[in-house]
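Everything in the sequence shown is counted per our numbering, starting at 87 for the first residue and increasing by one. Cβ coordinates follow ideal geometry from the N, Cα and C atoms, glycine included. Read through the structure below, which is laid out as structure tokens, and then see the notes.
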Amino acid sequence: MLRRLRTAGKTTHVLLLTARDTVADRVDGLRQGADDYLVKPFALAELIERVRTLCRRAYGNKSGSLRIGALEMELSSRRLRCHGAEVELTAREWRLLEYLALRRGQVVPRSQLAAHIYDEL
């Protein structure tokens, strides 16, 4: 399926979660077009960081931080500063700000925003 996806020109980021743990399996998965490969069982924290890494790549942010005007966001630690002062946000507020910041300049439909903010908490 992954090979067909790539052959069709789709560039969606793919993280394979599988019990297949040999080096040959990993190499095959990556050669077929996976962006990352994670073997079960895995720690939830590792999965979260791998997904965050893929998201940073997808939105062109390699550093893990964003600066928008007076706001500075550290994505990995979920810290926000405004004019240098630390700002506390709830989990939902952070997800909203992060989602919009990573898509700045784009129109984000309300339904897409609501699905992301409310379905993933």
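Residue i, buried or exposed, once every other Cβ within 10 Å from all chains shown has been counted against 16
| i | result |
| --- | --- |
| E184 | buried |
| G191 | exposed |
| Y204 | exposed |
| L102 | buried |
| L152 | buried |
| L130 | exposed |
| M159 | buried |
Beta-bridge partners of residue i, as assigned by DSSP
| i | result |
| --- | --- |
| V173 | L166 |
| I154 | L157 |
| L88 | Beta-bridge pairing links L88 to no other residue. |
| V125 | T104 |
Run of the beta strand (DSSP E) containing residue i, from where it starts to where it stops
| i | result |
| --- | --- |
| T98 | Neither: T98 is in no beta strand (DSSP E) and is coded neither H nor E. |
Proximity below 9 angstroms, CB of residue i to CB of residue j
| i | j | result |
| --- | --- | --- |
| R143 | H99 | yes |
| V194 | L186 | yes |
| T104 | L91 | no |
| L157 | R164 | no |
| G119 | R106 | no |
| L140 | D111 | no |
| S162 | E135 | yes |
Residue i: CB within 8 angstroms of a non-hydrogen atom of the ligand ZN
| i | result |
| --- | --- |
| G155 | This structure lacks the ligand ZN, and indeed carries no ligand of any kind. |
Best match in the options for proximity to residue i [C-alpha to C-alpha]
| i | options | result |
| --- | --- | --- |
| H169 | L161, I154 and S162 | I154 |
| A201 | A171, V113 and L182 | L182 |
| T108 | M87, K126, G95 and T97 | K126 |
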